[in-house]
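What follows is a single structure, written as structure tokens, with notes after it.
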Amino acid sequence: MQNSLINLAEDYDYPLLNIFLTMMLCFLWVFWFVLLMRIIGDVFRDDDLSGWAKAGWTVFVILLPYLGVFIYLIVRGRGMGERQLRRTQRQEEAFRTYAREGDAITGQAEELSRLAELKNRGAITASEYERAKGKVLGS
141 MQNSLINLAE
151 DYDYPLLNIF
161 LTMMLCFLWV
171 FWFVLLMRII
181 GDVFRDDDLS
191 GWAKAGWTVF
201 VILLPYLGVF
211 IYLIVRGRGM
221 GERQLRRTQR
231 QEEAFRTYAR
241 EGDAITGQAE
251 ELSRLAELKN
261 RGAITASEYE
271 RAKGKVLGS
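Quick note: the sequence shown uses the numbering used here, first residue 141, plus one each step.
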């Protein structure tokens, strides 16, 4: 048994160049699918394309993958980066708005609790409390 394994290892011929080429083909294969998924994602995220245009690009990219991807990159490639940049900017702005509103709500709650504490200690009167509460709530 051990002799047969040694003979098998000696008979196996896979030079270093073939290992390199295999690794390169695997890398290109993964790169191709990432590019394909990125293009399909760009097609479906684009608000400027109609439903028929999205369906057309998707069918074209799936049925004729190499030709479809290369034509898509030529025709709409520059816009891919611009659309991604706009999406990222909208997401960041939405996050900033959410964070600001969250801070404002927290600030209002803290201010109202501080006013209630001042009223309970007798530092301000009930009418002063109501006036300050109206200012905090913006009414």
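Glycine residues also receive a C-beta, built at the ideal position from the N, C-alpha and C atoms.
Quick caveat, the model's predicted, so the values are computed rather than measured.
Residues near residue i by beta carbon distance below 8 angstroms, same chain, minus five either side
i	result
Val201	Leu176, Ile179, Ile180, Val183, Gly208, Val209, Tyr212
Gln248	Val276, Leu277
Where residue i falls, given that 16 or more other Cβ within 10 Å makes a residue buried
i	result
Trp197	buried
Leu165	exposed
Leu255	buried
Where the alpha helix (DSSP H) containing residue i begins and where it ends
i	result
Trp269	Per the sequence shown, the amino acid found at residue 269 is Tyr instead of Trp. Here the alpha helix (DSSP H) through Tyr269 covers 266 to 277.
Leu203	191 to 203
Asp153	No alpha helix (DSSP H) contains Asp153, which DSSP labels as neither H nor E.
Cβ neighbours of residue i in the same chain (closer than 7 angstroms, five flanking residues each side left out)
i	result
Asp186	Arg223
Gln229	none
Residues near residue i by beta carbon distance below 6 angstroms, same chain, minus five either side
i	result
Leu258	Ile264
Q) Taking only runs of the beta strand (DSSP E) that begin and end inside the stretch 216 to 253, which ones reach a length of at least 3 residues, in chain order? A) none
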